[in-house]
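Peer 1: Submitted below is the structure of interest, expressed as structure tokens.
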Amino acid sequence: MPARSDAVWSEQGTTPDAIEAALRELLMEVHAENDNFVPARVLNMIAFVDRQWSGEIANRLRGVGRYHASRLLVLAYEPRRERLDARVMIASDGADAPGELALLRETVVVELGKRHLDDLLTIADPLVVTDLPTLLWSPHGHHDIVAELLSLAQAVLLDSVDEPIARDALERAWSLTEQAYVVDLAWLRSTPWRERVAALFDPLWVRREMHAIKRVTVRHHEASTVAAMLLAGWMASRLGWRVGSLVSHGDALVGNVHASRQDVALRLEAAPELRVPGLESLELETASGMQLRLGRGEGGLRAHRRDERGEEREWTLPGASRGETGVLGEGIRQALLRDPTYVPALSAARAMLP
Amino acid sequence: MAVAAGRPTGRPEPENPLTAGLERLPVAPTTLVIFGATGDLARRKLLPALYNLAHEGALPERFYLVGVSRKEKEHDDFRAECEEAIRRFSRRKPDDSVLASLLDNVKYVPGTFDDEAVYSELGTVLDEFEQQAGEPLNRAFYLSTAPSFFPVIVERLGASKLARDDPPGHREVRLIIEKPFGTTLEEARELNRRVLAIFDETQIYRIDHYLGKETVQNMMAFRFANGMFEPLWNRNYIDSVQITAAEDIGIGSRADYYDSSGALRDLIQNHMLQLLCHVAMEPPVNFTAEEVRNEKVKVLQAIPEPTVETIPKLAVRAQYGHGHVGGEDVPGYMQEEGVPEGSVTETYAALRLEVDNWRWAGVPFYLRTGKRLARKITEIAVTLKPVPHLAFSQQGSLGVQPNQLVLALQPNEGVSLRLGAKIPGTRMIIRPVNMEFLYGTAFLSQSPEAYERLITDAMRGDATLFTRNDEVEAQWRVCDPIVKAWAPSDTQSAVPIASYDAGSQGPEEADGLLREGDSWRAI
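Given below as structure tokens:
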């Protein structure tokens, strides 16, 4: 079994050319040491971060495990920095079994200052692997920088719940969808919920009920209104509901949307008891009197159904929590896929803005 | 049974628009019944696969499991055994709460498989689960037992009316059968006859776990999602095809099974003929189960049936003797624990087959598999015809060799293309170089275990990765004459068995199968 590899290079006052040359040399050295070490060639990821928070971002990225981009370029920004410093790390966890490949993943950290921003594209461009898709992430805002680097990227990673104002979050995501594929962590947190709602309505005997939904209540983390709007927007866009503005009512957004047969009373309300970003529960009621509730639970989502005759049942839909690290890893993986339902859901969510 | 009322309406059912864009499609609420639930396969593969599906939220929204086995035990004892097996063999560390919620819906029915009372109790348990769920549950019966029990279980399921959707329209009932599906053509036909007397072919899912491997599915993507290969993929450009499944290990503690099976039945009759089908099949009209399997059956039907006269020219068998593997001294097959004295079971088999159709006529397909060979490798090597005219001098070089495309399935899945390239220097000297693509370098995701994919597909009713009855029989039609020719007679085997040193490339006799100018690739 090949040993772990951890090759490192660093230089102060460096240039993109020197960094790129160091990458090539390190790769050759590691491969020469053991030809089971091969560079992963899946995805570039550019992370533009504030240097003071770069440690926290590095920790988050370290946790994504196999979803680590094959080349991660961290642009650590410190406004007063005059000099370009860089570190290159090529690491591998080794192979799973003797004779198998050991994938090498490359991390390049470039520390830069305000004076470098005008030429940022010429710093980043030589450091991404040509012909691989590139994911761009700017977790500390810096929308102007994202605009500058967009020409290098095919996908942008964002977390809509990071924006304090829902309108800003949705408009920001919408504007990015016109230029790149958007991977929204707020959307990905709702994946298990969407899968389970789809499954609950999938058996033939209950499928018609999805078109008779008359009430939807989504409870969410106080700072995750956008996540609830995206989930409601998903249901609206998939089920053909006509949506309009919701109104604020205390800690909730409420309103009616129009399905083909009836109106749907929609309520999105904060759940102060929820400590993690995302959704707390989803309740649905259909015209026949069937009620469904999905909520967070131990070992998976907890489902509760009351049928039209008043019979009640409760059960667990097994599934492990991915945690925030898992959600970030999933976000990186999603950069290589295309979910056609996000943009329609986002569009419906925008239409619900008060 | 009082399940929620009124389900089938007779009206055409609408599509489910909520599934669009989801990577994991819903699976209908299901009870899975595993016959042989305390056996090795269940413990090592099936239960861990179910846990991993649960972990990923990929099980049906209502899922129940019933274990059936001979040993007397309580539900809780069986749950504890399931937990132990999952903790030991799962590819990921189990999450306690997910595991607990999976085990909440597990029950056990003890008894012998021919005992009517077992099926009566099973029916009661299935009804109880439906009562608990408040809705009809599909039923999937998984036969993870010795093959001799397959017809017994199937007939008991039929007699107890568990094989039927009763009342009609409420649920799907499916039968999942592990390999081996017969040990001869005659047995396979008889088994098909008995199973099809109870179940419809559309209800039956015959497992060849090779088909659940990502690597095998990738072959379809390689051939049918890349336009550059199809124009070359025929007798005009392809000279030969070599399919190798070599192992460096011996039979270990499986002498009982292996000595009654041998390399031909263990790997060639099922897995390697499936690989051959993937290489040789025509592009299906679409990737539905029926279209894909129709094309594979056509390939198998185009392989001439071996005869007593042709078998010595197209099949070689051998047994490994003492030798060295990985620097270790290892015993020969006859010295392995549990191998009967005088056994003529082959640990190595090589075939030369042809696919007599418009695309492949005249192209030899070489298949070989063996234990205790030089290393573990599974690959398909497609050798193209040499260039018609060579303008370069070959003096002082390794020579211009035909292009060769190698699809490697394990240990490192990938594609390698051998090209001729000029050696740097002042003279025009050519040598072969490899252009390599390794799947592991190009994807972030971890491949699911084959059983995770196959169990999900069976519960969803997608039979694409399962073997159809005519496909099984067509595979046996190719292998059965060789099995018979190799069967031991009273005094000695009809066809002599060669030997090879453990850790070697295999027996020299295998070279006799090759067309003049061909050679086996180094293992």
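Residue numbers (the numbering used here), protein chains in the order written: chain A, 3 to 356; chain B, 37 to 559.
Backbone N, C-alpha and C fix where the C-beta goes; we use that ideal spot for every residue, glycine too.
These figures come from a predicted structure and were not determined experimentally.
In whole angstroms, what separates the C-alpha of Thr219 of chain A from that of Val163 of chain A?
Peer 2: 19 Å
Peer 1: In terms of residue numbering, what span does the beta strand (DSSP E) encompassing Leu386 of chain B cover?
Peer 2: Reading the sequence as shown, one finds Ala at residue 386 of chain B and not Leu. First-last of the beta strand (DSSP E) with Ala386 of chain B: 384-390.
Peer 1: Quick one: residues in its chain with C-beta nearer than 6 Å to the C-beta of Arg148 of chain A, no 5 flanking neighbours on either side, listed in chain order?
Peer 2: At residue 148 of chain A the sequence reads Val, which differs from the Arg that was named. Answer for Val148 of chain A: Ser140, listed in chain order.
Peer 1: Determine the direct distance from the alpha carbon of Ala261 of chain B to that of Gly248 of chain B, and round the result to whole angstroms.
Peer 2: 19 Å
Peer 1: With a Cβ-Cβ cutoff of 8 Å, do Val352 of chain B and Ala538 of chain B count as a contact?
Peer 2: no
Peer 1: Shorter than 8 Å from the beta carbon of Gln131 of chain B to some beta carbon of chain A?
Peer 2: Looking at the sequence provided, one finds Asp at residue 131 of chain B rather than Gln. True, the Cβ-Cβ gap to chain A drops below 8 Å.
Peer 1: Strictly below 7 Å CB to CB, what residues from chain B border Met231 of chain A?
Peer 2: Chain B residues near Met231 of chain A: none, gap ~17 Å exceeds 7 Å.
Peer 1: Does any CB atom of chain A fall closer than 8 Å to the CB of Asn448 of chain B?
Peer 2: yes
Peer 1: Any beta-carbon of chain A closer than 8 Å to the one on Thr492 of chain B?
Peer 2: It does not: the Cβ of Thr492 of chain B has no partner Cβ on chain A nearer than 8 Å.
Peer 1: Assign Met30 of chain A to one of two classes, buried (16 or more other C-beta atoms within 10 Å of its C-beta) or exposed (fewer than that).
Peer 2: exposed
Peer 1: Would you say the stretch 86-106 of chain B touches the stretch 443-456 of chain B, given that touching needs at least three Cβ pairs under 8 Å?
Peer 2: The stretch 86-106 of chain B makes no contact with the stretch 443-456 of chain B, as fewer than three CB pairs between them are under 8 Å.
Peer 1: Name the DSSP beta bridge partners of Ala93 of chain A, please?
Peer 2: A:Asp8, A:Arg107
Peer 1: Mapping the DSSP letters down to three states, classify Trp189 of chain A as helix, strand or coil.
Peer 2: helix
Peer 1: Do you know offhand how far Lys421 of chain B's Cα is from Asp150 of chain B's?
Peer 2: 57 Å
Peer 1: Where does the unbroken beta strand (DSSP E) through Met256 of chain B begin, and where does it stop?
Peer 2: Met256 of chain B -> not in any beta strand (DSSP E); alpha helix (DSSP H) instead, spanning 250-260.
Peer 1: Tell me the DSSP secondary structure of Asn258 of chain A in three-state form.
Peer 2: strand
Peer 1: Can you tell which of A:Phe203, A:Glu80, A:Arg107, A:Glu113 has its C-alpha closest to the C-alpha of His86 of chain A?
Peer 2: The displayed chain sequence assigns Leu, not His, to residue 86 of chain A. When each option's Cα is compared against that of Leu86 of chain A, the closest is A:Glu113.
Peer 1: Please confirm whether Pro279 of chain A has its beta-carbon closer than 8 Å to some beta-carbon of chain B.
Peer 2: no
Peer 1: For Ala23 of chain A versus Leu77 of chain A, is the C-beta spacing smaller than 8 Å?
Peer 2: Not closer than 8 Å, so no.
Peer 1: I'd like the span of the alpha helix (DSSP H) that includes Glu97 of chain B, first residue to last.
Peer 2: If you look at Glu97 of chain B, you'll find it isn't in any alpha helix (DSSP H); DSSP assigns it neither H nor E.
Peer 1: Please return the same chain residues whose Cβ sits closer than 6 Å to the Cβ of Val231 of chain B, not counting the five positions on each side in sequence.
Peer 2: Taken in chain order, the residues that qualify are Val190.
Peer 1: Determine the contact status of Ile92 of chain A and Ala157 of chain A, defining contact as a CB-CB distance below 8 Å.
Peer 2: No, these two residues do not count as a Cβ contact at 8 Å.
Peer 1: Using a cut-off of 9 Å between C-beta atoms, extract the partners of Asp341 of chain A located in chain B.
Peer 2: Gly57, Leu58, Glu59
Peer 1: Thinking Thr383 of chain B and Gly406 of chain B are a contact (beta carbons under 8 Å), I'd like their distance in whole angstroms, please.
Peer 2: About 6 Å; that satisfies the 8 Å criterion.
Peer 1: Buried or exposed for Thr45 of chain B, please, with buried defined as at least 16 other CB atoms from any protein chain shown within 10 angstroms of its CB.
Peer 2: Confidence in Thr45 of chain B is poor, its pLDDT being 46 and thus under 50, which makes the residue's placement too unreliable to answer from.
Peer 1: State the beta-bridge partners of Thr67 of chain B as determined by DSSP.
Peer 2: B:Tyr100, B:Arg175
Peer 1: Quick one: which residues of the stretch 147-172 of chain B get their C-beta closer than 9 Å to a C-beta of chain A? List them in chain order.
Peer 2: Gln168, Ala169, Gly170, Glu171, Pro172
Peer 1: Along chain B, which residues have their Cβ under 9 Å away from the Cβ of Met212 of chain A?
Peer 2: Pro50, Asn52, Pro53, Leu54
Peer 1: Closer than 7 Å by C-beta to Gly42 of chain B: which residues in its own chain qualify, once you throw out the five before and the five after it? Chain order, please.
Peer 2: Note that Gly42 of chain B scores a pLDDT of 38, beneath 50, so its modelled location is shaky; the value from the coordinates is reported in the next line. Hits under 7 Å: none found.
Peer 1: Could you say which of B:Ala169, B:Arg80, B:Glu415, B:Pro203 lies nearest to Asn254 of chain B if we only look at CA atoms?
Peer 2: The residue with the shortest Cα to Cα distance from Asn254 of chain B is B:Glu415.
Peer 1: CB-CB under 6 Å to Phe185 of chain B, same chain, minus the five flanking residues each way: which ones, in chain order?
Peer 2: Phe149
Peer 1: Below 8 Å between beta carbons: does that hold for Tyr79 of chain A and Val51 of chain A?
Peer 2: yes
Peer 1: Let's test the definition: count the other Cβ atoms within 10 Å of the Cβ of Leu339 of chain A and tell me whether it reaches 16, buried, or not, exposed.
Peer 2: exposed
Peer 1: Going by C-alpha to C-alpha distance, which of B:Asp295, B:Pro320, B:Gly286, B:Glu214 sits closest to Ala257 of chain B?
Peer 2: B:Pro320
Peer 1: Please state whether DSSP places Tyr273 of chain B in a helix, a strand or coil.
Peer 2: coil
Peer 1: Could you have a look at Leu28 of chain A and say whether DSSP puts it in helix, strand or coil?
Peer 2: helix
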